[in-house]
Structure formats: C-alpha cells, structure tokens
Amino acid sequence: MPTLDAPEERRRKFKYRGKDASLRRQQRMAVSLELRKAKKDEQTLKRRNITSFCPDTPSEKPAKGVVVSLTLGEIIKGVNSSDPVLCFQATQTARKMLSQEKNPPLKLVIEAGLIPRMVEFLKSSLYPCLQFEAAWALTNIASGTSEQTRAVVEGGAIQPLIELLSSSNVAVCEQAVWALGNIAGDGPEFRDNVITSNAIPHLLALISPTLPITFLRNITWTLSNLCRNKNPYPCDTAVKQILPALLHLLQHQDSEVLSDACWALSYLTDGSNKRIGQVVDTGVLPRLVVLMTSSELNVLTPSLRTVGNIVTGTDEQTQMAIDAGMLNVLPQLLQHNKPSIQKEAAWALSNVAAGPCHHIQQLLAYDVLPPLVALLKNGEFKVQKEAVWTVANFATGATMDQLIQLVHSGVLEPLVNLLTAPDVKIVLIILDVISCILQAAEKRSEKENLCLLIEELGGIDRIEALQLHENRQIGRSALNIIEKHFGEEEDESLTLLSRVIDQDYEFIDYECLAKK
Amino acid sequence: MELSDANLQTLTEYLKKTLDPDPAIRRPAEKFLESVEGNQNYPLLLLTLLEKSQDNVIKVCASVTFKNYIKRNWRIVEDEPNKICEADRVAIKANIVHLMLSSPEQIQKQLSDAISIIGREDFPQKWPDLLTEMVNRFQSGDFHVINGVLRTAHSLFKRYRHEFKSNELWTEIKLVLDAFALPLTNLFKATIELCSTHANDASALRILFSSLILISKLFYSLNFQDLPEFFEDNMETWMNNFHTLLTLDNKLLQTDDEEEAGLLELLKSQICDNAALYAQKYDEEFQRYLPRFVTAIWNLLVTTGQEVKYDLLVSNAIQFLASVCERPHYKNLFEDQNTLTSICEKVIVPNMEFRAADEEAFEDNSEEYIRRDLEGSDIDTRRRAACDLVRGLCKFFEGPVTGIFSGYVNSMLQEYAKNPSVNWKHKDAAIYLVTSLASKAQTQKHGITQANELVNLTEFFVNHILPDLKSANVNEFPVLKADGIKYIMIFRNQVPKEHLLVSIPLLINHLQAESIVVHTYAAHALERLFTRRGPNNATLFTAAEIAPFVEILLTNLFKALTLPGSSENEYIMKAIMRSFSLLQEAIIPYIPTLITQLTQKLLAVSKNPSKPHFNHYMFEAICLSIRITCKANPAAVVNFEEALFLVFTEILQNDVQEFIPYVFQVMSLLLETHKNDIPSSYMALFPHLLQPVLWERTGNIPALVRLLQAFLERGSNTIASAAADKIPGLLGVFQKLIASKANDHQGFYLLNSIIEHMPPESVDQYRKQIFILLFQRLQNSKTTKFIKSFLVFINLYCIKYGALALQEIFDGIQPKMFGMVLEKIIIPEIQKVSGNVEKKICAVGITKLLTECPPMMDTEYTKLWTPLLQSLIGLFELPEDDTIPDEEHFIDIEDTPGYQTAFSQLAFAGKKEHDPVGQMVNNPKIHLAQSLHKLSTACPGRVPSMVSTSLNAEALQYLQGYLQAASVTLL
C-alpha cells in the first residue's frame with residue numbers, strides 16, 4: 001500500500017529538520033574537540049604502578065619511601081653490565097625512581113637509553129626478578145605521554161611482554177598484562193600492534209576462577225583498552241575474540257571487574273550499528289540493564305553509557321534495549337543525585353525519543369515525562385541541555401496525541417525559561433520545538449490557546465527579543481515564529497502580516513514573450 | 001596604481017571631494033574611487049594616507065574609506081573574482097596591527113573594525129601571526145597599545161558568544177586559548193596590581209579600568225561555549241579578583257554624570273554577567289564561589305544609588321539574583337525571613353520607585369516611556385528586573401513575599417492620602433507593586449491571565465483606581481491617571497464587566513487629557529477593551545452597549561489626533577479602527593465626516609510617511625469605512641472613489657513608496673465592490689499597472705497582483721476587447737514573477753486568474769509558451785512551493801480547457817511528456833497541495849483526467865490510471881504532506897537581500913476566498929463517484945477490473961464509500 005503508508009514514512013523524514021532518525025541520534029564523538037578538562041568519571045587510559053600490588057613479589061619488598069641508592073650514571077652503568085646482579089640492582093633502582101609518587105623521571109630514564117636493555121631483560125627467563133623489575137619499569141614509562149609510550153613500543157617491548165604472559169611466575173605475568181594495557185591504551189596504533197602480536201588469546205587464557213582478584217582486574221582493564229579508541233576501531237576478529245570473555249566477566253561480583261568490562265562494552269558499542277549489533281547479539285542487554293541499577297557509580301556509569309550507545313543504533317536494536325527493560329530503570333536514573341548520571345540518562349532517553357512513534361509511546365508508558373520535565377526545570381545546565389534534546393527529538397517524531405501529552409506534561413514552561421540560556425544551539429532547538437508544537441496546534445485548531453499559554457509564560461517577550469539575536473539563524477527562527485503564529489491582530493480570522501519578499505530577480509523584457 | 005606621491009596626491013583630492021556637501025561634486029568623486037579600487041596598491045595608498053597625511057580630516061576619511069573597502073571586498077566569494085590581489089592582502093595583514101596601535105583613537109576604531117572583518121575571514125589559518133603579534137604587545141607595558149589589542153581581540157572573539165559549536169569554531173577557540181589564556185590571565189593580575197599602585201592617579205586608573213572591562217568581556221567570550229580547562233584550573237584567580245573588583249570603590253573613578261555609566265559601573269556589570277554565566281552553565285564547578293557572589297552583588301545593590309548611570313549595573317545585578325533564587329539548591333540563601341524582608345525593602349521597593357528620570361521621560365519623551373512601560377521593551381530597566389526578582393522569589397516564597405509587600409502597599413497608600421499633591425509618587429509605587437505582585441502571567445490580548453490570589457484586584461480597583469479616574473480634572477496627577485488606566489488595561493480579565501463598563505466613559509473623557517501618555521493610554525485601553533472577547537467568542541462589549549457613547553467617542557478620538565505630539569499617534573489610530581470594527585453600522589451616519597478627516601490625515605502624512613503602524617491602521621480604518629458602508633449600500637462606493645482618488649493620484653504621482661501597496665489594496669477593495677463591468681476610470685489605470693518600475697519594488701507585488709486579479713475578475717472581456725495589446729505585458733509580469741523562488745506563487749495567482757477569466761481565444765496563442773516557461777523553471781529550480789502551485793494550475797487548466805486539452809498541450813511540447821508529468825509530479829506530489837480550495841481544484845481536475853481523457857483509457861498511459869486514482873483517494877483521506885526538503889528551509893528569507901521591503905497586508909481589505917469550482921462541484925468525493933460511474937457506463941466492465949486489480953485495499957474501501965454515498969455503482 002504505497003500511498004496509504006505515506007504518513008509514517010513522512011513523519012520519519014520530518015524528524016529533526018528532515019533528517020532521518022539515525023542522523024538525529026547523537027553519537028558521542030570521542031575524537032571530537034573538547035575545551036573542557038577530561039571527565040573525572042571516565043575510565044583511565046594509562047596507569048602507573050606506584051606500589052607493589054602483589055604480596056608474593058619475587059623482588060625484595062620495596063622500602064618504605066623511595067630511597068634511591070644509585071645515581072643515574074651508576075644505573076646506566078649497571079644496566080649495561082653483564083652481571084645479572086648489577087643489572088637487577090640498577091633496574092630496580094630505576095623502577096623505584098619511576099614509581100615515586102611525584103614527578104617520576106620518565107623523560108630522564110628514556111633519554112638515558114635504558115629502554116633497549118630493559119626490553120632485553122624481559123627475555124631473561126632465568127631471572128624472573130629481573131624480568132619483573134624490567135616489566136614494572138616499562139609499565140611506568142608506558143604510562144607517560146604518547147611519546148614516552150612510543151619509546152617503549154619502539155624499544156621492541158610488545159613481543160617479549162606477550163611472551164611473559166605465559167610465564168609461570170604470576171607476578172611477572174601480571175606486570176606484563178599491565179604494561180600491555182598501558183601500551184594499548186595509548187591509541188589505535190599501539191593497540192593494534194598489541195592485537196596483531198596476538199596478545200588476545202594469551203590474555204584470555206589467563207582468566208581462571210582461581211585467579212587473584214587484583215590480577216583479574218588488571219586483565220579486564222587491559223582487555224578494555226584493547227576495545228578502546230576509534231579511527232580505526234579494533235578489528236572484527238579481535239572483537240569476536242574478546243566478547244565472550246567480557247560476557248563472562250560481566251557475571252563477576254567485583255565492582256572493578258564489572259566496571260572495566262562495562263567500559264569495554266561501551267567502547268565496542270560506540271560506533272556503527274554493525275558494531276552495536278555484534279554486542280547486542282551476544283544477549284548481554286538484560287545483564288547490562290541489571291547493572292544499571294547498581295549502587296556503585298563505577299558500574300552504573302559505564303553500563304548506562306553502553307545501553308545509551310546501543311540505543312543510538314537501529315530501531316530494532318533500540319527495541320531490544322527497551323525489551324530488556326531499560327525504560328524501567330531510566331526514570332529513576334533521571335532522578336539520581338549525581339548530575340553526570342542524570343545527564344547520561346537523559347542522553348540515552350533522547351535517542352529513544354529519536355525513534356519511531358511506537359518507541360515514543362513506550363516513553364509515555366514508562367512515564368518518563370515527569371522526571372524529564374523536573375530536570376528541565378531544576379537540573380544543572382548540562383543536564384538541561386540533554387533534556388532539551390530529548391524533548392526536541394520527542395516533539396519532532398511524535399504523533400499528534402503524543403505531542404499533546406508532551407505539552408500537558410508542562411514542558412513549555414521550562415523550555416521558555418531556557419530561551420535565555422547562554423547556549424545558542426539549545427536556544428535554536430527550543431525555538432524549533434516551539435514552532436513544531438505550534439504547527440501541530442494549528443492543525444488541531446488549538447493554536448490560540450497554545451499561543452496564550454506561551455505568552456503567559458513570558459515566551460513572546462523572549463522570542464521577540466531573540467529576533468535581534470546576533471546569531472542569524474536564531475534571529476530568523478524567532479522572526480518566523482512571531483510572524484507565523486503571533487501576528488498582532490486577530491480580527492475576523494485575518495491576521496496582519498508583514499511578509500518579507502525578495503528583491504533579487506532579473507528584469508525581463510515584457511514584450512519578449514510575445515515576440516517568441 | 002603605483003605607490004607614488006602623484007597617486008597619493010590624486011587620492012587626497014578625491015577623498016576631499018567625497019566630503020563635499022554638494023552631490024554634484026561628491027558623487028563623481030565617489031564613483032571615481034569605486035572605479036579605481038580594483039587596482040593593486042589602492043588599499044596601501046589609503047593606509048599610507050591615513051598614516052602620513054598632513055591633514056587630519058584626510059587621515060580619518062582615508063581610514064573610513066579603507067574600512068568600507070575592506071568590508072566590501074575582503075571576503076572571497078566562491079565563483080567570483082578575488083577583488084584584492086594577494087600581495088596587497090599580505091601587505092595589509094603585515095602592517096595593520098601596528099598601524100592600528102600607533103594611530104589616534106578615531107582612526108584606531110576604524111582599523112580595529114577592519115581587522116575584525118579581515119580576521120573573520122582569515123583568522124586563524126590565513127593569519128597565523130596575529131595572535132602572537134597581539135600577545136607580544138601585552139609585554140609593552142603601554143596600556144594605550146594594550147587596550148588597542150584587547151579591543152581587537154574582543155571584536156575577534158565576541159562571535160564565540162553566538163555561533164554554533166562546530167569543529168572549526170572549537171579548533172579556533174582552542175588555538176586562541178592556548179596562545180591567549182595565560183597571557184590574558186597574567187595581564188589581568190598585573191593590571192589589578194597596577195590599579196592598587198596607581199590608586200591615587202585618576203588618569204592611570206581610567207586606562208587600567210578600561211583594560212579590566214575589556215579583559216572581563218574577553219573572559220565572557222572565551223568561556224561562553226564551554227568551560228575551558230585553563231579557566232577551570234585558574235578559576236580561583238579569576239573569581240577571587242572578580243569578587244574583589246565587585247566590592248571595590250574608588251572616589252577617583254566616580255563620575256559626576258548622572259546618565260552615562262562610568263567605568264566602575266561598566267566593569268561591575270560585566271562581572272555580574274560573567275558570574276551569571278558561570279552560575280548558569282558551570283554550576284558544579286562554580287558552586288563554591290556562588291554564595292560569596294550573591295553576598296557581594298547583594299551588597300552592591302543595597303549601596304548603589306538611583307541615578308540612571310547605574311541602571312544597567314543594577315538590572316544585571318538583580319537579574320543575577322533572580323536567576324539564582326529560583327534554583328532549588330540555592331533556596332536556602334534566601335529563605336530567612338530577614339533576608340526576604342531586606343531584599344523586598346532594600347532592593348525591590350527602591351527599584352520600583354518612580355524616579356526623576358522616569359518623570360522626565362513621562363513628560364518629554366512620552367513615546368519612549370510608552371514603549372518601555374506598555375510594550376515590555378523594558379528588558380533592561382530596573383523596574384523590570386525588580387519584577388522578575390519578585391516573580392523569582394514567589395516561586396518558593398509567595399506567601400511571605402506577598403505579606404511583606406502588602407504592608408508596604410498599605411503604608412504607601414496612607415502616605416499618599418495624607419498629602420496627595422506631594423506624595424503622589426507613593427501611590428504610583430503602590431500601584432506598581434500590586435501590579436507586579438498580582439500578575440503571574442500576562443498576555444497582550446487578555447492582560448493578566450493568572451493573578452496572585454492573595455491580592456484582591458477588584459477591591460483595589462474600586463477603592464484606589466476609580467476615584468482617580470472619576471475626578472473632574474483629567475490633567476491632574478497625570479502619572480496616577482496613566483497608572484489607573486494601565487491598571488484597567490492589564491486587569492481587564494479580572495475586573496468584572498460592570499466595572500469595566502463604568503470606566504468606558506471615563507476613558508473616553510481621558511482622550512482629552514493633555515498628557516500624551518494619558519490620552520495614549522486611554523486610547524489603548526479602549527482598543528483593548530473593545531477587542532476583549534466574552535463567552536461565545538463574541539466581543540465582550542456589544543455595539544449596543546457602546547452606542548450611547550458613539551458620538552463622543554469618535555469626536556474625542558479624532559480630537560486626540562490634534563493634541564500636540566499625537567498627530568500620528570498609532571494607539572489612537574488603532575482605537576479608531578477598532579471602534580469602527582466594533583460599532584459597524586452605528587458609524588454610518590458619521591461616515592462623511594470621518595472619511596473627510598481620514599483623507600485629510602492621509603494627505604498630510606503622505607508628505608512624509610514616518611509612522612508605519614499609524615499609517616497601517618489608518619488604511620485599515622479607511623477599508624472598514626468602505627466595507628461597512630458599501631455592505632449596506634453598494635452604490636456608495638462612488639462616494640468613496642470621489643473622496644479618495646484625488647489623494648491616491650497624488651500618492652501615485654509623487655511615488656510615495658510606503659503607501660503605494662496600500663493604495664492598490666484599497667483600490668482592489670473598491671473595484672471588487674462594483675457589481676458590473678469595470679468603470680473606465682479604472683481601465684485608464686490598467687496599462688500603468690504593467691509598468692516594470694512598479695514591479696521592481698517587491699513590496700508592491702502582492703498588492704499589484706491582487707489588483708490585477710480584481711481587474712481580470714471584473715473586466716476580462718473589456719481587457720480582451722479594448723486592451724488586447726496589453727495581454728503580452730500581463731503575461732510578461734507572470735513570466736517575471738515565476739522566475740523568482742519568492743514570488744512564483746504570486747505569478748501563479750495571476751496566471752490562474754488569466755486562465756479562469758480571460759476568454760480562451762484571447763490567450764490561445766500564448767498557451768504553449770506558458771507551459772514551456774513553467775517547465776524551464778521546473779528543470780532549473782524546483783521547489784516544493786513551486787510544485788504545489790504548479791499542480792493547482794494544471795488542474796485548473798484541466799477544468800477550464802478539458803482533460804484532453806491538457807494532455808495535448810503536454811504531448812505537443814514533447815512526446816510522452818503527459819505521462820512523465822503524471823508519473824513524476826502529479827502522482828507523487830499531489831499530497832503536498834495545501835488549502836481547501838486548492839485541494840478541491842486538484843480533486844476535480846484529476847477526476848477529469850481519470851474520466852474524461854480517452855488516452856488514459858487506451859494508450860500506454862493506461863497503466864497510470866489506477867495509481868492516479870489511488871493518489872486522488874490519498875488526497876482525500878490522508879493528512880497533508882507538509883514535509884519540506886532540508887535545503888528548502890528559509891528559502892524565502894535567504895533569497896532576500898535585506899529586510900527592508902516588506903509588504904503590509906491590510907486585514908480589512910481582505911479578499912474573500914474564491915472557489916473557481918464552487919458552482920460546478922460541491923462535494924468532490926461524490927463528484928468522483930459520479931464521474932467514475934459515467935465512465936463505466938461508457939465502457940462497461942473495464943473500470944471495476946482496473947479498480948479491483950491494482951487499487952490497494954484501504955483505498956478501495958474508501959472508494960466504495962464514495963460510491964455508496966453517491967448511490968451509484970461501477971458497471
């Protein structure tokens with residue numbers, strides 16, 4: 001039925017300025033520019049090991065406070081000596097320097113040319129203590145800047161580190177996992193170096209029920225770094241290898257393991273619908289939704305992020321998230337006491353609202369509008385912003401009835417108040433929403449009441465003031481609304497118009513038509 | 001052009017001439033400069049002059065010319081030649097910053113503007129040194145130079161406040177932050193230190209404070225898009241210093257000027273803005289500073305005087321408090337009863353007082369006063385800010401706030417009662433307080449719509465408002481009269497009708513008040529009361545209720561127009577229009593006088609039209625007089641023509657541009673009132689209407705099209721017989737209009753009238769060419785609006801000339817064209833047609849195509865028959881497709897070079913909706929059923945099979961419904 005199918009088809013096209021739903025969904029752009037400080041609630045990229053993590057370390061226990069017993073010259077000399085004892089002492093001293101809490105001399109150690117020797121030491125399987133110290137030192141160097149990580153990679157550390165994953169010495173093995181995690185965390189290039197060196201099967205082989213928890217945490221964290229970063233994403237093969245392990249880890253009770261496993265999934269779902277599909281198809285959604293109810297912020301944040309990413313996908317993928325019960329949880333999360341969670345929840349919601357109208361219907365069924373309106377009124381600005389996006393997506397995709405419910409939820413009052421917000425994009429979106437609602441009201445012949453409501457809320461004053469906004473698009477939008485919907489007169493159903501008409505056409509000889 | 005002394009000399013001569021008051025000398029010089037500005041070195045010659053000329057006037061003139069030259073030419077427009085050669089561009093950028101910084105202020109401003117224009121295009125990519133060059137100057141220690149740099153930076157960065165986030169923008173901001181944020185912070189600290197070392201040196205302080213103002217503005221721009229890492233890390237430095245500056249005072253910086261804000265005030269206002277920005281956007285990070293700022297701003301308010309120069313500061317400061325007190329987590333900063341009392345007492349009440357400056361405005365600058373007080377263009381005023389604060393506080397503390405204020409209102413009214421002539425301002429403040437307290441929501445149309453229940457409005461009206469208005473002397477205490485009238489206006493929904501009716505003669509009486517504000521408010525209040533709707537959507541007051549006052553009302557309204565200062569008072573004219581509209585036939589006896597007065601007014605203002613609203617309402621009033629009178633007595637149209645044509649002729653002859661569109665609309669109305677053939681007086685005008693010069697002004701177009709339509713409707717035969725030679729010109733107008741995306745619909749209006757009314761033989765020879773033109777436009781620039789109009793046109797054509805004629809004309813242009821039009825345009829796009837009449841035309845036209853076009857039945861077009869029927873059923877049953885492709889948004893405005901030419905449509909000259917198929921077809925669905933039935937009788941068996949095989953089920957069901965309703969069947 002091509003013709004009678006038309007309304008649905010059109011509504012999709014009309015959504016957000018004629019863009020289809022998938023375009024309106026806001027994908028999080030990890031590479032996009034940020035003016036802000038890095039987020040505190042994001043997962044760390046690289047970590048330095050500043051304390052020994054394992055009680056049965058093969059090396060002597062680090063002294064309290066770091067006492068450097070050798071000078072840099074002596075370290076260089078020691079490292080380059082052929083005596084394993086001297087090598088050990090020098091490496092350990094270097095490692096201790098690199099582990100001091102403040103201002104570790106990463107640059108100094110690299111410039112001293114110690115890396116190639118340390119990489120050599122990784123291979124000295126006769127001396128696990130030396131291997132351990134070298135791996136630790138390299139871990140800490142790799143935790144530095146990209147340049148510093150690069151020095152470790154170019155020193156040839158990856159392959160020997162992977163070989164250490166099979167070491168019988170648990171401490172050595174764990175330190176190698178950590179070092180690889182730092183290398184992979186630097187970015188796509190080194191991450192792929194680690195992957196193509198076949199680290200994944202070795203890492204996965206380490207996972208066992210008897211593993212000490214700290215070790216398991218390290219493995220999970222390293223796996224998450226192997227999933228992390230875009231441009232390019234990690235290859236399909238790697239993802240397919242890692243996914244079952246993540247699923248397994250997600251059943252664990254330890255919140256750090258859960259957290260990093262969720263972060264890994266959040267990276268894997270931060271991309272195309274195909275990549276989202278890989279994750280969703282594992283059936284992980286119900287578990288993720290359970291984790292969204294966690295009282296641990298470090299579990300809640302990445303699980304919510306992952307589900308939020310999933311609903312940027314296709315309508316079917318979004319449907320699966322809804323079926324898994326995400327909408328049961330989201331209204332509570334909108335009322336979470338942490339603004340960052342409110343914001344994340346509103347973002348997830350905005351993408352559900354960008355879907356077809358039966359998804360919007362679900363939002364209504366789970367009663368998300370009241371907490372959403374509460375956020376619009378009293379949330380922090382960054383939360384209000386996401387809530388405005390949600391309303392905008394809702395309004396552009398909604399059926400007439402849904403739109404009426406939106407208006408009845410009291411959304412206009414906070415929207416009108418936000419018209420003075422110091423954020424041009426938000427102002428423009430609100431104008432679009434108002435215009436969209438007015439158009440709908442026009443069709444229902446309820447425009448007059450709506451106009452009055454908007455005026456009562458102080459909306460006209462604000463929209464009128466926006467006509468003079470320095471941002472031209474806002475000025476025009478405001479002008480359009482005023483002209484179309486708030487014409488001055490209301491006599492005999494005729495409105496006073498002052499229409500703007502163009503001037504720039506060529507003048508044509510009137511007689512030319514006749515001559516032809 | 002070489003950089004030679006001779007050329008400098010020549011340029012100097014010409015620049016001098018451009019300042020000559022005599023256009024005969026000035027214009028050629030301007031032309032000459034324009035003609036040489038394309039030459040290499042021209043801008044460098046100007047720069048040389050503005051630097052080295054001996055003559056100061058020439059220096060300034062060169063700098064202005066230079067800036068305008070940059071403004072016009074710097075931007076490189078795609079597909080257009082580069083107007084400034086590369087070498088000149090490089091040279092300009094290399095020298096301009098230095099030149100700007102070493103020039104005197106007058107020239108510095110021009111060059112600073114030029115830098116921001118260049119910067120807008122070239123910065124940062126094509127002007128990478130600019131930032132470094134600017135930052136280096138911070139080290140100079142010379143604050144004249146530093147301020148020049150800061151000003152330029154401000155002009156470059158202020159766009160961060162209003163542009164959308166984009167990668168490009170943020171890359172630039174990041175670059176600026178990296179290079180600029182730290183030096184700016186250091187400069188900020190250093191400047192503040194210098195302020196304390198130079199605390200006793202007034203002239204040094206002035207320069208330093210100018211720097212601080214600019215630095216604070218830069219802070220705002222750089223922090224607008226998001227909170228930059230640098231500023232988050234350095235928030236302590238900035239906020240502590242801002243806080244200190246807010247609390248700082250220095251006698252040396254206080255100004256004597258009462259009006260103009262001084263440096264201290266400007267700086268503090270900007271700091272309030274900065275704090276408000278952080279409070280609103282970066283609450284989480286700013287939270288710990290906020291209470292301190294609330295206290296500081298609060299103290300600032302308490303200690304700041306009533307002078308006008310503090311207005312911006314005070315309103316910014318109050319707005320800051322207003323925005324904070326509404327936030328739930330800051331509620332606690334305000335909830336203490338003492339705090340509330342002291343906010344009310346020390347911040348709100350003083351800022352609601354009627355000040356000497358207000359009194360001055362009331363008397364000497366009434367227009368501005370009215371605009372602020374009545375139309376809400378008081379966004380930045382103290383009273384407005386105080387009202388906003390009242391509303392903000394009421395969100396959480398309505399009861400206590402109302403309680404506190406009620407006490408104030410009572411005591412102020414008592415003060416007034418003791419000695420009205422001295423204490424009238426107390427009553428003014430009391431009324432204002434009641435108004436702001438009571439109004440929770442307000443609209444222009446209804447006044448206050450939600451009132452605070454704690455205030456008894458009717459009681460206040462009866463006890464305190466009515467007595468003032470009843471006093472015999474309309475000129476006594478004009479401010480209180482204005483307050484009282486305004487009270488009626490805004491509480492017209494709360495005050496019961498019987499009280500309002502009592503106030504009507506009082507208001508009419510006040511039309512005679514000498515005070516412009518008072519008689520304007522009286523007119524406006526009457527206008528609003530006459531507009532108010534009661535139950536059943538009828539006007540609240542009936543003509544009968546106002547009838548006793550008709551004569552005095554009309555007399556006083558027109559007399560008010562003769563009061564000094566009100567000869568073009570738009571409120572009075574609007575009240576005149578509204579009275580006509582309400583009173584209808586009751587004004588007929590007065591029409592002769594009224595129309596004389598209106599035409600006299602028209603004649604007077606046409607000498608120099610300056611009040612667009614006044615003029616608009618005047619024309620509306622004229623239209624109403626015509627409508628009301630001619631409805632009762634159509635023959636009276638001649639009297640109006642007699643009265644008006646003389647003035648109209650003068651307007652047309654003198655080419656009074658503002659009025660011409662109105663004149664055409666009134667003439668259309670008059671012409672449409674004629675029942676018979678067109679009078680010759682109109683026909684004489686006809687050729688003139690086709691003059692190209694008239695159509696060049698876009699504001700004329702809708703009115704002219706309307707008038708031509710009236711000509712075609714009433715006089716098509718006369719045109720065909722007596723003015724056949726004008727038909728090509730008429731079509732030429734159509735051709736010109738459809739070439740424009742903005743005006744194509746007007747072109748179609750005209751074309752449709754031609755098709756509908758002109759005898760077919762008179763346009764026969766042009767028909768094919770018309771279609772070719774439409775196709776050309778379809779090919780070159782297809783828009784949704786054009787398609788919609790096109791669809792209506794071809795269907796009207798089909799109705800008028802027959803379905804076969806339509807098919808033939810398409811296929812005559814190109815074989816198989818008809819099929820293409822069906823398949824590519826009609827079937828897929830018909831759902832987009834909007835408007836009831838338009839839809840009906842399309843329905844009837846398509847019905848004809850389906851049932852009266854043999855090629856649809858037995859050629860290759862037959863396969864399109866069912867899809868066409870399906871789309872017609874869709875047109876009947878589906879919601880209208882109002883989607884607009886992405887690229888077409890804002891099309892009508894983007895095509896517009898400026899906002900200047902607007903067309904103002906007169907509501908009371910409105911055209912009745914015209915339905916060209918009205919008599920032929922009443923119900924298009926039934927019509928379809930009947931036509932299909934007729935077709936099926938001609939070829940039994942075919943129609944049911946076509947319908948049942950490929951029409952979809954839902955559509956088929958609808959169709960059966962139509963057939964049933966028409967009681968016919970398909971054979």
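Sequences listed follow chains A and B, in order.
Quick note on UniProt numbering: the first sequence kicks off at 1 and runs consecutively.
Quick note on UniProt numbering: the second sequence kicks off at 1 and runs consecutively.
Glycine included, each C-beta is placed from N, C-alpha and C at the ideal position.
Where residue i and residue j are concerned, what is the direct C-alpha to C-alpha distance, given to the nearest angstrom?
i	j	result
A:CYS436	A:THR396	7 Å
B:ILE192	B:LYS418	52 Å
B:LEU340	B:SER406	14 Å
A:GLN148	A:ALA112	13 Å
A:ILE115	A:GLU296	39 Å
A:ASN103	B:PHE230	21 Å
B:SER103	B:TYR369	41 Å
B:ILE651	B:ASN608	11 Å
B:ALA181	A:ILE404	48 Å
B:THR969	B:GLY845	21 Å
Taking 8 Å as the CB-CB limit, is residue i close to chain D?
i	result
B:ASP283	Structure shown: chain D not included; protein chains present are A and B.
Residues of chain A with a CB under 9 Å from the CB of residue i: which are they?
i	result
B:GLU229	GLU34, LEU35, ARG36, LYS37 and ALA38
B:GLU232	ARG36 and LYS37
Taking Cβ-Cβ distances shorter than 7 Å, what residues in chain B pair up with residue i?
i	result
A:LYS425	PHE164 and LYS165
A:PRO414	The premise fails here: A:PRO414 is roughly 11 Å from chain B at the closest Cβ pair, so nothing lies under 7 Å.
For residue i, which of helix, strand or coil comes out of DSSP?
i	result
B:ARG288	coil
B:THR539	strand
A:GLY65	Caution applies to A:GLY65, whose pLDDT of 43 falls short of 50 and renders its modelled position unreliable; the value that the coordinates give is listed next. A:GLY65: coil per DSSP, three-state reduction.
B:ARG26	helix
B:ARG355	coil
B:SER439	strand
A:SER409	coil
B:SER103	coil
residue 1003 of chain B	What the structure shows of chain B is the stretch from 1 to 971, and residue 1003 of chain B is not part of that stretch, so it cannot be assessed.
Determine the chain B residues that contact residue i at a beta-carbon separation under 8 Å, and present them in chain order.
i	result
A:GLU380	ASP283 and GLU284
Which bits of chain A does residue i rub up against, with CB to CB less than 8 Å?
i	result
B:GLN280	PHE381, ALA421 and PRO422
B:LEU529	Those do not exist, as B:LEU529 stays about 15 Å from chain A at its closest Cβ, beyond 8 Å.
So which residues of chain A does residue i contact, with C-beta pairs closer than 7 Å?
i	result
B:LEU277	PRO422
(message) So, does the region 120 to 139 of chain A touch the region 84 to 95 of chain A, judging by three or more C-beta pairs under 8 Å?
(response) yes
(message) Which residues of the region 307 to 329 of chain B have a Cβ closer than 9 Å to any Cβ of chain A? Give them in chain order.
(response) SER323, GLU326, ARG327, PRO328 and HIS329
(request) Check distances from the C-beta atoms of the region 731 to 765 of chain B to those of chain A and list, in chain order, the residues that come in under 8 Å. (result) LEU731, GLY732, VAL733, GLN735, LYS736, ALA739, SER740, LYS741, ALA742 and ASN743
(message) Does the contact criterion of 3 or more C-beta pairs under 8 Å hold for the region 653 to 671 of chain B versus the region 614 to 629 of chain B?
(response) yes
(request) Name, going along the chain, the residues of the region 200 to 225 of chain B whose beta-carbon falls closer than 8 Å to a beta-carbon of chain A. (result) PHE224 and GLN225
(message) To be precise: take each residue of the region 168 to 195 of chain B, compare its Cβ to all Cβ atoms of chain A, and keep it if any distance is under 8 Å. Which residues remain?
(response) TRP170, THR171, ILE173, LYS174 and LEU177
(message) Taking beta-carbon pairs under 7 Å, can you tell me which members of the region 114 to 132 of chain B lie near chain A?
(response) none
(request) Pull out every residue of the region 460 to 473 of chain A whose Cβ sits closer than 7 Å to any Cβ of chain B, in chain order. (result) ASP461, ALA465, HIS469, GLU470 and ASN471
(message) To be precise: take each residue of the region 331 to 356 of chain A, compare its Cβ to all Cβ atoms of chain B, and keep it if any distance is under 8 Å. Which residues remain?
(response) PRO339
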